[in-house]
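K.L.:
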Amino acid sequence: MNISLDKTKLILALANIQDDFREAIIDIYIELKKRHLKSFYSNEFDAVGISSGKLCETIFRFLEHELTGKYTPFNAHISNFPVKVDKLTQLPIASGNESLRVTIPRALNFVYTLRNKRGIGHTGGDINANAIDISTIVKNTDWIICELIRLYHNLPMIEAQQIIDSLNIKIMPDIWHIDGHRRIIKDGLTHKQKVLLLLYNEIANKASINDLYEWTEYSNISLFKSRIIIPLHKEKLLEYNSSDSNITISPKGISEIENLITTL
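First residue of the sequence shown: 1, per our numbering; consecutive thereafter.
#1: Run the CB neighbour count on ILE26, radius 10 Å, all protein chains shown included, and call it buried at 16 or more, exposed below.
#2: So the candidates are VAL102, SER51 and ASN97; which of them puts its Cα closest to the Cα of GLN90?
#3: Check this for me: beta carbons of THR72 and GLU64, under 8 Å apart or not?
#4: Compare the C-alpha of CYS56 against each of ALA15, TRP215 and ILE104 and name the closest.
#5: Report the three-state DSSP secondary structure of THR190 (helix, strand or coil).
#6: By Cβ distance, which residues of its chain are closer than 7 Å to GLU258, with the 5 residues on each side in sequence left out?
#7: Would you list the residues sitting across from ILE249 in a DSSP beta bridge?
#8: Can you have a look at ASP133 and say buried or exposed, based on whether 16 or more other CB atoms are within 10 angstroms of its CB?
#9: Using only the alpha-carbon positions, how far apart do PHE81 and SER135 sit?
#10: Just to confirm, is the Cβ distance from SER208 to ASN246 under 8 Å?
#11: Taking one C-beta from the segment 146-160 and one from the segment 3-23 each time, how about it: are there three or more such pairs within less than 8 Å?
#12: Taking DSSP's pairing of strands, which residues face ILE175 in a bridge?
#13: Would you kindly check if the distance between the Cβ of ILE184 and the Cβ of ILE178 is under 8 Å?
#14: Report the CB separation of ARG115 from ILE144 in whole angstroms; it is logged as a contact under 8 Å.
#15: Compute the Euclidean distance between the alpha carbons of GLY253 and LYS54, then round it to the nearest angstrom.
#16: Can you tell me the Cα-Cα spacing of ASN220 and LYS192, whole angstroms?
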């Protein structure tokens, strides 16, 4: 599993953070990373933006606690977030580590500003920058988590470094779009998993049996239908319409492939 989705490893990596803050930070970070993975297929960028905002506000509360001994309650709204984060950078040196006082707050403000001012999920304009905006946000949150691991880990140095290095690995989509075709570039998937992943990737979650046969590179279309499509239809993971040969992934199939995406 991707370490950024492994709660047990992240708990060990942030062992010296107070329990309630650690639990909240890790849960929201994992939520953010899962939503980012799903955005490769669904383009649901708003959900990633929401999680990044929650993560910024949670880490801000933790920094408040560490540097001042007080913090904004979790059930209280943080008004004028950028101004309040800037106040942390003005605290005296004796308040705490420079990264907690200056570097992480500035990173939080950048993420929060990009998330708000660029209008994640926007549709206006000639160029759609949602994907690069989200990637930039996620990379910066990865850095913030790595910095917290550096300061608060309770692991042998080599193991802590391995976790930090793993968070810096670029996540690549599992499907390559080329000249109107699709190629699965994720190794180790069964043909049934490939079909569900391909359908999940399509805008309407639908494709023809001929397209799926071609994209999965199955050996024989008759066997593809009898061994792959019909069993998936019977399991209610997809709907095969024999009249027009179109295939649509079901809610059950969507749930199964989302679990696959976030555990491989």
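Just so you know, even glycine gets a beta-carbon here, dropped at the ideal spot from N, CA and C.
P.N.:
In short:
#1: buried
#2: Distances from the alpha-carbon of GLN90 to those of VAL102, SER51 and ASN97 put VAL102 closest.
#3: yes
#4: ILE104
#5: The DSSP-derived three-state label of THR190 is coil.
#6: LYS38
#7: LEU238
#8: Result: buried.
#9: When only Cα atoms are considered, PHE81 and SER135 end up about 22 Å apart.
#10: yes
#11: Short answer: they touch.
#12: In DSSP, ILE175 forms a bridge with ILE184.
#13: no
#14: About 13 Å; that fails the 8 Å criterion.
#15: If you draw a straight line from the Cα of GLY253 to the Cα of LYS54, it is about 29 Å long.
#16: 15 Å
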